């Protein structure tokens, strides 16, 4: 028993409420969960690169270290279809920006299952004038025991995954039309 948590028939009961499946982050169990700690550590490691090396990128050869295989495939298809030109990813999706100064990230895991997590990241950039703040939502999935990015919803509410899917479909349709 952990501080008032009791296991009854496979469900964790806290304060008379049974918890199973998704855990909102404000529950004591979610705060103690190794998965929540690991998801936050994954994103913290990602943003640590944005404080020490402004040329670092999670894209390209590093993509599989940070993105789920399905996202890597979408990004590779986007690059192939656009033949070296800017495709659906016009800015760095990790900071939702093209340039940044001094980023700090406040990371909170807001939903959690055994195989997925959702985190809200509030970015503050004090190295630009005027200073800026924006919020991103990360959908993470477990891949071979480690967290990877399944999607990022940007500060304007746009899903990176959906933007890539749409852009790739549009480019394929355009290619098909031009080959007629």
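Residue numbers (full-length UniProt numbering): 1 to 180.
Heads up, the beta-carbon is just placed ideally off N, CA and C, and yes, glycines get one too.
For clarity, every value in this text was computed on a predicted model and none was experimentally measured.
Helix, strand or coil at residue i [DSSP, three-state]
| i | result |
| --- | --- |
| residue 79 | helix |
| residue 68 | coil |
| residue 159 | strand |
| residue 40 | helix |
| residue 60 | helix |
| residue 29 | Confidence at residue 29 is low in this model, with a pLDDT of 46, below 50, so the placement of that residue is unreliable and no value is reported for it. |
| residue 126 | coil |
| residue 178 | helix |
| residue 35 | helix |
| residue 172 | helix |
Within 8 Å, strictly: CB atoms of residue i and residue j
| i | j | result |
| --- | --- | --- |
| residue 44 | residue 107 | yes |
| residue 33 | residue 103 | no |
| residue 92 | residue 164 | no |
| residue 36 | residue 109 | yes |
| residue 100 | residue 60 | no |
Nearest candidate by alpha-carbon position, reference residue i, set the options
| i | options | result |
| --- | --- | --- |
| residue 159 | 178, 169, 61 and 139 | 139 |
| residue 153 | 95, 173 and 77 | 95 |
| residue 156 | 97, 57 and 111 | 97 |
| residue 142 | 131, 118, 88 and 82 | 118 |
| residue 38 | 179, 114, 58 and 174 | 114 |
| residue 86 | 168, 173 and 63 | 168 |
For residue i: DSSP bridge partner residues
| i | result |
| --- | --- |
| residue 107 | 121 |
| residue 153 | 137 and 159 |
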